[in-house]
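Report on one structure; see the data block that follows.
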Amino acid sequence: MSRLLNTFSLKRIAIGFTAAAALSLASHSVMAQDVQKRVIRFGYGLAEESPTGKATRYFADKVKELSDGKLDVRTYGNGSLGSDEQMQNALIGGSQEMTFVSTAPLAGLVKEFGVFDLPFLFDNEKVADYVLDGPEGRKLLDMLNDKGLVALLYWENGFRNITNSNREIKAASDLEGIKLRVMQNQVALSVFNGLGANAIPMPFTELFTALETKTVDGQENPLSTIQTSKFYEVQPYLTISNHVYTPFVLLASKKWWDKLSADEKKIIETAAKDSQQYQRKISREANVEALAYLKDQGVKVSQFSTAEKEAIRDKLEPILADLKVKIGAPTVDAILAEAKKGESQ
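The numbering of the sequence shown is the working numbering, which starts it at 25 and goes up by one.
So this is what it looks like as structure tokens:
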């Protein structure tokens, strides 16, 4: 009997040591990560309920999970930390850690980002993903390192469409005289002025008020942004033009990034990659839902025909030739070549 008890006791001790060793190993694994407690301020201009607002919270949750709660990403939507340009500058100065912005304002820092404002560059999202996630897309992101920014990857902004409060726009000629808010870069200004509109650059955070007061007649943005920003309340006309595909870039302050450990950087990069797939999926679903919603709100929907898109390309040819030189012919040619490859994948 005592022998049996001794055997039983020895087994319990062995199991105890094994469990303790496992706990110690797990604890050591967590402790071995070089991760400090940090607050990460992540501001952005869109509505919190937008697909990208949701993706920002998804990213924050993923960072928290991977860091065992040590990295605390605090999100600030609706432009509460400033305009895209202000937040971009805050990252460069090191007073804010993260944001996402459209490629349009980035063209003020790196002119080659203007390539994404060229009309009808990508036929569909599949081609856009192929180019952005490939070597040419990465090459552009890496150009921001010297500007005080770390570009992690691209998120979806999507194909842009035109709304206005004046009239239906079924052809480029219908844009004549329309005061159209555009993103703050030279490519967008040149393209829409070339089509006869009165293009007015303006921060996104000021746009709804400008539309409501008729400071501008119209604007152009992806469908989900038109819905979540409630532009349909003051914009009765929508044109499905899909004229430009502008991605978002997920950015970090280089001053801040350079202070992170390798483990901390790895956590943020992993969360960024996971959130990219999630963000693209819900963004594309939201655009389909947004079009149906806008129609239900009584918005009158028109569409550019294939022939009209060709006519726009022809009309803009001299302007685009000039823009190609200003953006950088090697970049434009490389992106166009990658897009052609993407079409055949």
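Each residue gets a CB set at the ideal place from its N, CA and C atoms; glycine is no exception. As the structure is a computational prediction, the values presented were derived from the model and not from experiment.
A Cβ-Cβ distance of about 7 angstroms is found for the pair Asn266 and Asn185, placing them in contact under the 8 angstroms criterion.
Here Gly242 is bridged, per DSSP, to Asn188 and Leu204. One Cα belongs to Asp346, the other to Leu284, and the distance between them is close to 42 angstroms. A distance below 8 angstroms between beta-carbons, with the five flanking residues on each side excluded, links Arg65 to the following residues of its chain, in chain order: Arg98, Tyr100, Leu105, Gln120, Glu121 and Met122.
In the DSSP annotation of this structure, the continuous segment of the beta strand (DSSP E) that includes Met122 starts and ends at Met122 to Ser126. Looking at Ala361, Ile359, Gly366 and Gln303, the one whose alpha-carbon comes closest to that of Arg81 is Gln303.
In the structure shown, Phe146 falls within a coil segment according to DSSP collapsed to helix, strand and coil. Considering only Leu95, Met207 and Lys150, the residue with the shortest C-alpha distance to Thr127 is Met207.
Of Lys324, Leu164 and Asn181, the smallest CA-CA separation from Asn148 is found for Asn181. Shown here for Phe328: same chain residues with a beta carbon closer than 6 angstroms to its own, the five before and five after excluded, namely Ser265 in chain order. Its chain contains Ala295 and Ser299 as the residues whose beta carbon lies nearer than 6 angstroms to that of Phe83, once the 5 sequence neighbours on both sides are disregarded; these appear in chain order. Comparing C-alpha distances from Gly103 to each of Ile291, Phe124 and Asp85 shows the shortest one belongs to Phe124. Of the candidates Pro342, Gly138, Val211 and Asp198, Gly138 places its Cα closest to the Cα of Thr355. Boundaries of the beta strand (DSSP E) around Thr99: Leu95 to Tyr100. In the displayed model, Gly67 falls within a strand according to three-state DSSP. Cα atoms of Gly117 and Glu200: separation of roughly 41 angstroms, rounded to the nearest angstrom. Judged by beta-carbon spacing, Ile291 lies within the 8 angstroms limit of Ser91, meaning their Cβ atoms are closer than that value. The alpha carbon of Asn169 has as its nearest neighbour, out of Leu315, Lys278, Asp357 and Lys365, the alpha carbon of Lys278.
The continuous beta strand (DSSP E) containing Tyr269 extends over residues Tyr261 to Tyr269.
In the three-state DSSP reduction, Phe272 falls in the strand class (E or B). Asn222 is bridged by DSSP to Lys203.
Contact between Thr263 and Gly69 fails: their C-beta atoms lie close to 23 angstroms from each other, not under 8 angstroms. Cβ-Cβ distances below 6 angstroms link Ala196 to Leu219 and Ile336 in the same chain, with the five nearest sequence neighbours on each side left out; the list follows chain order. Gln321 sits exposed, since fewer than 16 C-beta atoms from the chains shown fall within 10 Å of its C-beta. Remark: C-beta atoms of Glu362 and Val155 approach each other more closely than 8 angstroms. DSSP lists Thr263 as the beta-bridge partner residues of Ser326. By the 16-neighbour rule on beta-carbons within 10 angstroms, Ser368 is exposed. In the structure shown, Ser277 adopts extended strand secondary structure according to DSSP, grouped into three states. In the three-state DSSP reduction, Ala175 falls in the strand class (E or B). Residue pairing by DSSP places Arg62 opposite Leu95 in a beta bridge. The C-alpha of Glu72 is placed about 23 angstroms away from the C-alpha of Val323.
With a cutoff of 8 angstroms on beta-carbon distance, Leu275 and Leu95 are scored as not near each other. Between the alpha carbons of Glu313 and Lys254 lies a gap of roughly 14 angstroms. Following the DSSP letters along the chain, one finds Asp85 inside the alpha helix (DSSP H) bounded by residues Pro75 to Leu90. The DSSP assignment places no complete run of the alpha helix (DSSP H) inside the segment 288 to 346 (cut-off: 4 residues).
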